[in-house]
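The structure appears below as structure tokens.
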Ligand SMILES: NC(=O)c1ccc[n+]([C@@H]2O[C@H](COP(=O)([O-])OP(=O)(O)OC[C@H]3O[C@@H](n4cnc5c(N)ncnc54)[C@H](O)[C@@H]3O)[C@@H](O)[C@H]2O)c1
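In this note's numbering, the protein residues as written are 7 to 509.
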């Protein structure tokens, strides 16, 4: 605040100096002399107006509270908006109070430019300084936000394997706990990285979980039986992995001093609705998968303490190339079909879905991990971008732009999933914007096919349900695990959960 105060006052003094030079240069000696001789009178008048107006407007714009955690162009926009608003109020007050002594254009314009540049540059420099000189203690725990050791449960999957890579790039130490249901290939790119550690284990096994959380500051929990069809295949492992194991993991993480806990939920918790849903909207899951997410969210949010900070991330539907591209997701699947078979079937084309490129999702997750705790603790975020809500017909048309020879068949079926989601909270609070459009993701997949990176998209390892159907249900390590999971199946308050009603 003090720095902002000084920047604003230095800007007005510099603007007056610029105005004197400008007036003298254009031969307007009288005006130049007027500003010079009346400098103290002017400045004293400005001082009493600038001093309250700017800090109050900045405060109301969240400069010192929520927008501190913003990054990138959105942060710049917030600063510019605050400066412009304060400047307009300042000029208006000046005019009303001092009439003739109002600020001339030759002072006003440089003042607004200098204040905007100064306030934005100060924030950028601070970010650079903090990043460069951040102290990292030897035990891997950060003093401030992030950069402690992160445990990614389910880190060998489509999203997890890219998140692991991104966090390692950012300088984190990363441990993965994963039962490698679909193999370890997605983690090949990070094997050998000294900051990476893989623990092959089951998040339903208490010993694996206790070992995995040792020395961990933050947990990102992605492990699940993912998708409606995969969960319907066999309720028992879905209920245990998606709900009971989450509950156990929360308790063990809390007991071992984990500070942050990010949970991967899904926008599918909103079910079928014509309204645009935000984080305050009622949830109405229409599948077992969605129900397990809702139950886990509830347990997680009630687990918050002063030392344990949970955050629920309701992910949009992912698309794009990763180390385990899933071809059981609509955009990826339709792209693959268009590329290989030149015909795609769109089911219920008028239904809306929010989409997000897998790398954008990873970026958003990393942003939440690094955000000041007060901004994210106990919060739910829809993770996506409001510009990326599309109907399934839109998806079909976008695919046809990339593969012009594609024939589109439209079919209606009983799938009722329809939801349009509002992602403003994530944008406003953390400044997240998606960088990849649907078309970019589709072109990227096309290139992967063209380059021979994906040979057969129908291979079961790219499809959760198909894979589990062939490999069989993921069994417990021991019978004891079954008993532990049964104990964690009930809701802590005793009410029914998906895990108690769907057995
Ligand atoms: N992909 C999407 O579009 C999407 C959308 C919304 C939410 N999500 C959520 O994001 C998370 C990650 O999704 P994904 O697409 O990467 O899924 P994925 O199926 O590719 O990955 C899941 C990972 O969890 C692991 N796993 C499963 N059971 C386990 C167990 N018992 N113990 C340890 N590891 C286990 C699997 O081996 C796999 O590596 C999930 O929680 C999912 O519900 C994904």
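A virtual CB, placed ideally from N, CA and C, is assigned to each residue, including glycine. All figures in this text were calculated on a predicted structure; none of them were measured in a lab.
Spatial neighbours of residue i in its chain, beta-carbon cut-off 6 angstroms, leaving aside the 5 residues before and after
i           : result
residue 143 : For residue 143, the predicted structure reports a pLDDT of 39, less than 50, and the residue's modelled location is therefore unreliable. The matter cannot be settled from this model.
residue 472 : 466
residue 305 : 253
residue 303 : 271 and 318
residue 181 : 157 and 203
residue 291 : 275, 277, 297 and 300
residue 80  : 437
residue 282 : 426 and 428
residue 343 : 350
residue 262 : 219
residue 386 : 285 and 318
residue 24  : 116
residue 509 : none
residue 476 : 466
Beta-carbon proximity check, residue i vs residue j, cutoff 7 angstroms
i           : j           : result
residue 190 : residue 249 : no
residue 373 : residue 436 : yes
residue 121 : residue 14  : yes
residue 363 : residue 402 : no
residue 408 : residue 449 : yes
residue 388 : residue 427 : yes
residue 63  : residue 103 : no
residue 229 : residue 160 : yes
residue 280 : residue 354 : no
residue 21  : residue 116 : yes
residue 445 : residue 404 : yes
residue 495 : residue 506 : yes
residue 86  : residue 59  : no
residue 3   : residue 222 : Examination of residue 3 is not possible in this model, given that the chain is present from 7 through 509 alone.
residue 497 : residue 488 : no
residue 82  : residue 126 : yes
residue 268 : residue 216 : no
residue 193 : residue 224 : no
residue 416 : residue 358 : no
residue 3   : residue 98  : Residue numbering for the chain in the displayed model covers 7 to 509; residue 3 lies beyond these limits and cannot be assessed.
residue 360 : residue 273 : yes
residue 384 : residue 320 : no
residue 183 : residue 218 : yes
residue 240 : residue 293 : no
residue 124 : residue 17  : yes
Residue-chain proximity (residue i, chain D), Cβ-Cβ < 7 angstroms
i           : result
residue 250 : Looking at the structure shown, chain D is missing, and only one protein chain is on hand.
Whole-Å CB distance - residue i paired with residue j, under 8 angstroms assumed
i           : j           : result
residue 186 : residue 206 : 6 angstroms
residue 490 : residue 212 : 5 angstroms
residue 313 : residue 265 : 7 angstroms
residue 195 : residue 171 : 6 angstroms
residue 399 : residue 352 : 6 angstroms
residue 492 : residue 245 : Not really, about 10 angstroms apart at Cβ, beyond 8 angstroms.
residue 367 : residue 165 : 6 angstroms
residue 432 : residue 370 : 6 angstroms
residue 100 : residue 55  : 6 angstroms
residue 397 : residue 356 : 6 angstroms
Same chain, Cβ closer than 7 angstroms to residue i, neighbours up to 5 away in sequence not counted
i           : result
residue 335 : 323, 324 and 325
residue 391 : 362, 429, 439 and 440
residue 502 : none
residue 37  : 29
residue 345 : 409, 452 and 455
Contact set for residue i: own chain, Cβ-Cβ below 8 angstroms, skip 5 residues either direction
i           : result
residue 188 : 162, 163, 330, 467, 470 and 473
residue 379 : 151, 265, 266 and 315
residue 247 : 209, 210, 229, 230, 231 and 480
residue 118 : 89, 90 and 93
residue 61  : 7, 10 and 11
residue 70  : 7 and 64
residue 258 : 212, 215, 216 and 219
residue 114 : 21, 93 and 97
**Message:** Any contact between the region 287 to 297 and the region 439 to 449? By contact I mean 3 or more CB pairs, one from each, below 8 angstroms.
**Reply:** no
**Prompt:** Does the region 333 to 349 come close enough to the region 285 to 293 that 3 or more CB-CB pairs lie under 8 angstroms?
**Reply:** no
**Message:** Quick check on the DSSP output: what are the complete alpha helix (DSSP H) runs of length 4 or more inside the region 452 to 487, in order along the chain?
**Reply:** 470 to 477
**Request:** Could you tell me which uninterrupted beta strand (DSSP E) segments, each at least 3 residues in length, are contained entirely in the region 291 to 324, listed from first to last along the chain?
**Result:** 315 to 321
**Request:** Could you tell me which uninterrupted alpha helix (DSSP H) segments, each at least 4 residues in length, are contained entirely in the region 58 to 117, listed from first to last along the chain?
**Result:** 78 to 104
**Request:** Output the residue ranges of the beta strand (DSSP E) runs that lie fully inside the region 179 to 206 and measure 3 residues or longer, sorted by chain position.
**Result:** 179 to 184 and 202 to 206
**Request:** Only counting runs of 4 or more residues, tell me where the alpha helix (DSSP H) segments fall wholly within the region 199 to 269, in order along the chain.
**Result:** 212 to 218, 234 to 239, 241 to 245 and 251 to 261
**Asked** What are the uninterrupted segments assigned as beta strand (DSSP E) that are 3 or more residues long and contained completely in the region 384 to 437, given in chain order?
**Response** 385 to 389, 395 to 397, 413 to 417 and 424 to 427
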